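In this note's numbering, the protein residues as written are 69 to 390. For reference, the structure is listed below as structure tokens.
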């Protein structure tokens, strides 16, 4: 079966316990066969390695999770699966195993055959020989990437709800329009975790959207660019299109979006990876835009867009009542 593990059985008392028969449930050979079947049928990656980190066994779960066959990995170092900046984790694991110390379960990242990173939960146990000496370690790795994505989505939505709540408080408490706009940008960055937030007003004479409130560490980006509302290339980006066509415009991959080409280098330098722009109205007429930027690809999903559309609607209502 390839998994190097010592199976200990108590010495039977010949007067009170008969010796196990071949193929009986207590027969060591049958027990080993059952263990091998359990290991091979597990959807988790179950891997054994020696004290130098050389892989001794590799089950089907490991093949499915990491993409390598057993033939490709047997005799290879387990470090092949570990990103460069996480190699110290293996140093710590092997050190603990050699000293007979427990290795607490932990969540980490590992590399699959394609080079993609995978979030996994890892459990490590020592492997002992018949004399009780530690000769290696077994490792169980479970793919938790889907669970982690759900956790991040819940956390992101919680932040957005917190930001929307703060937007509504700002509308109630702000004494002036200028203070309101500044507060909305600030709370969306501070509470919702956006990289940059801008509220821009349309300058009809210049045919441009001019920022009137900005918050975020990359605020200089908006001072370095021009956003137009006409048919020039600078008018076909996310923000210009949202204003001109009176609809939300979402770009979840700015660096590969032709609409954002006029500002590509500035966005790349500031790690602005996604944006969502929403039209803002005052007394029913087009007034400007609310644009938020994230440093994460594909940040804006349906629920996030709905909440930000609600924030833009609240802002439009507030502007109409100042």
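The beta carbon of each residue, even a glycine, is placed where N, CA and C say it ideally should be. As the structure is a prediction and not an experimental result, all values here were calculated from the model.
Would you give the residue range spanned by the alpha helix (DSSP H) that residue i belongs to?
{"i": "residue 240", "result": "213-241"}
{"i": "residue 310", "result": "306-313"}
{"i": "residue 150", "result": "It is not in any alpha helix (DSSP H) - residue 150 carries neither H nor E in the DSSP assignment."}
{"i": "residue 177", "result": "Taken as a continuous stretch (DSSP letters only), residue 177 belongs to no alpha helix (DSSP H), being part of the beta strand (DSSP E) at 174-179."}
{"i": "residue 136", "result": "Residue 136 -> no alpha helix (DSSP H), and no H or E assigned at all."}
{"i": "residue 337", "result": "332-337"}
{"i": "residue 288", "result": "288-291"}
What do you reckon, are the CB atoms on residue i and residue j nearer than 7 angstroms?
{"i": "residue 296", "j": "residue 275", "result": "yes"}
{"i": "residue 362", "j": "residue 342", "result": "yes"}
{"i": "residue 286", "j": "residue 256", "result": "no"}
{"i": "residue 126", "j": "residue 115", "result": "yes"}
{"i": "residue 351", "j": "residue 388", "result": "yes"}
{"i": "residue 228", "j": "residue 323", "result": "no"}
{"i": "residue 330", "j": "residue 301", "result": "yes"}
{"i": "residue 259", "j": "residue 234", "result": "yes"}
{"i": "residue 368", "j": "residue 345", "result": "no"}
{"i": "residue 356", "j": "residue 269", "result": "yes"}
{"i": "residue 164", "j": "residue 171", "result": "yes"}
{"i": "residue 129", "j": "residue 139", "result": "no"}
{"i": "residue 281", "j": "residue 249", "result": "yes"}
{"i": "residue 147", "j": "residue 131", "result": "no"}
{"i": "residue 202", "j": "residue 135", "result": "no"}
{"i": "residue 123", "j": "residue 144", "result": "yes"}
{"i": "residue 121", "j": "residue 162", "result": "yes"}
{"i": "residue 166", "j": "residue 119", "result": "yes"}
{"i": "residue 312", "j": "residue 283", "result": "no"}
Within 10 angstroms of the Cβ of residue i, are there 16 or more other Cβ atoms? Answer buried if so, exposed if not.
{"i": "residue 309", "result": "buried"}
{"i": "residue 247", "result": "exposed"}
{"i": "residue 321", "result": "exposed"}
{"i": "residue 278", "result": "exposed"}
{"i": "residue 109", "result": "exposed"}
{"i": "residue 340", "result": "buried"}
{"i": "residue 77", "result": "Since pLDDT at residue 77 reaches only 35, below the 50 mark, its modelled position is unreliable, and no value is offered."}
{"i": "residue 359", "result": "buried"}
{"i": "residue 262", "result": "buried"}
{"i": "residue 380", "result": "buried"}
{"i": "residue 106", "result": "exposed"}
{"i": "residue 391", "result": "Lying before the first or after the last residue shown, residue 391 is absent from the chain, which here runs from 69 to 390."}
{"i": "residue 173", "result": "exposed"}
{"i": "residue 84", "result": "Note on residue 84: pLDDT 41, under 50, position unreliable in the model; no value is reported."}
{"i": "residue 338", "result": "buried"}
{"i": "residue 319", "result": "buried"}
{"i": "residue 372", "result": "buried"}
{"i": "residue 152", "result": "exposed"}
{"i": "residue 266", "result": "buried"}
{"i": "residue 232", "result": "buried"}
{"i": "residue 386", "result": "buried"}
{"i": "residue 222", "result": "exposed"}
{"i": "residue 80", "result": "Reliability fails at residue 80, whose pLDDT of 39 lies under 50, so the model's placement of it is uncertain and the value that follows must be treated cautiously. Per the 10 Å Cβ criterion, exposed."}
Along the chain, where does the beta strand (DSSP E) that runs through residue i open and close?
{"i": "residue 388", "result": "Here residue 388 belongs to no beta strand (DSSP E); instead the alpha helix (DSSP H) covers 370-388."}
{"i": "residue 356", "result": "353-362"}
{"i": "residue 186", "result": "185-196"}
{"i": "residue 367", "result": "Neither: residue 367 is in no beta strand (DSSP E) and is coded neither H nor E."}
{"i": "residue 319", "result": "317-319"}
What residues match up with residue i in a beta bridge as DSSP calls it?
{"i": "residue 126", "result": "115"}
{"i": "residue 276", "result": "271, 296"}
{"i": "residue 253", "result": "According to DSSP, residue 253 bridges with nothing at all."}
{"i": "residue 281", "result": "267"}
{"i": "residue 348", "result": "356"}
{"i": "residue 204", "result": "118, 195"}
{"i": "residue 210", "result": "189"}
{"i": "residue 342", "result": "362"}
{"i": "residue 145", "result": "122"}
Would you say the beta carbon of residue i is closer than 6 angstroms to some non-hydrogen atom of the ligand SAH?
{"i": "residue 107", "result": "Only the bare structure without any ligand can be found here, which leaves the ligand SAH out of the picture."}
inquiry  = When you compare the stretch 205-213 with the stretch 178-189, are there three or more beta-carbon pairs, one atom per stretch, that lie closer than 8 angstroms?
reply    = Contact annotation: the stretch 205-213 touches the stretch 178-189, with at least three C-beta pairs closer than 8 angstroms.
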